[in-house]
Amino acid sequence: MKTTRKGLREGELEKDTYGRLNCKDCGESLKTKNDPDEVYTVRRCANCEREWKELR
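Under the numbering used here, the first residue of the sequence shown carries the number -7, and numbering increases by one thereafter.
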């Protein structure tokens, strides 16, 4: 699983005018899954089910 920063650099993700992360392939906004036991948040695309982690 890649980080959101790496996904932005590689062109897998893009930010819209409001700063929300979108999947480049689907154009959908990423959903957040927050596990309190982990030090990162998982960002997931609902359509293609790809995941990126984002450090808190």
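Beta carbons are placed, not taken as given, at the ideal position from N, Cα and C, and that holds for glycine.
Spatially closest choice to residue i from the options, by CA coordinates
| i | options | result |
| --- | --- | --- |
| Glu46 | Gly3, Lys25, Gly19 | Lys25 |
| Ser21 | Thr9, Lys(-2), Asp29, Pro28 | Thr9 |
| Pro28 | Lys(-2), Gly(-1), Arg48 | Arg48 |
Extent of the continuous alpha helix (DSSP H) run through residue i
| i | result |
| --- | --- |
| Leu22 | Note, Leu22: premise wrong, no alpha helix (DSSP H); not H, not E. |
| Arg12 | First-last for Arg12: undefined, no H or E at that position. |
Burial state of residue i, where buried means 16 or more other Cβ atoms lie within 10 Å
| i | result |
| --- | --- |
| Cys18 | exposed |
| Arg35 | buried |
| Gly(-1) | buried |
| Cys40 | exposed |
Sub-7 angstroms separation of residue i and residue j beta-carbons
| i | j | result |
| --- | --- | --- |
| Glu4 | Lys16 | yes |
The beta strand (DSSP E) enclosing residue i, as first and last residue numbers
| i | result |
| --- | --- |
| Lys45 | 43 to 47 |
| Val34 | 32 to 36 |
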